[in-house]
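Participant: Provided herewith is a single structure, encoded as structure tokens, for subsequent inquiry.
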Amino acid sequence: MSKIKVLLAEDEASLGMIVKESLETRNFTVFHTKNGEEAFEVYRKEKPDILVLD
-8 MSKIKVLLAE DEASLGMIVK ESLETRNFTV FHTKNGEEAF EVYRKEKPDI
42 LVLD
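Read left to right, the sequence shown gives residues -8 to 45 (the numbering used here).
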């Protein structure tokens, strides 16, 4: 079974790292982006299952 992919768009680095690490310890694959443009590119490439947007 493949891991669930999460796209996390969070511009505050420390908060993004906390959320990313928390999800990764629960066996999610997390793509952390810092803005909408990056998030859109990752979304198109990776097709995440879940979006977490700031």
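Where is the CB? At the ideal position from N, CA and C, for every residue including glycine.
Name the DSSP beta bridge partners of Ala58, please?
Facilitator: What the structure shows of the chain is the stretch from -8 to 45, and residue 58 is not part of that stretch, so it cannot be assessed.
Participant: When DSSP labels each residue in this structure, what does Ile(-5) get in the three-state scheme?
Facilitator: Three-state result, Ile(-5): coil.
Participant: Looking only at C-alpha atoms, which of Val43, Pro39, Tyr34 and Leu44 sits nearest to Lys(-4)?
Facilitator: Nearest option by C-alpha distance: Pro39.
Participant: Do Leu(-1) and Val10 count as a contact pair if the criterion is CB distance below 8 Å?
Facilitator: Yes, they are a contact pair.
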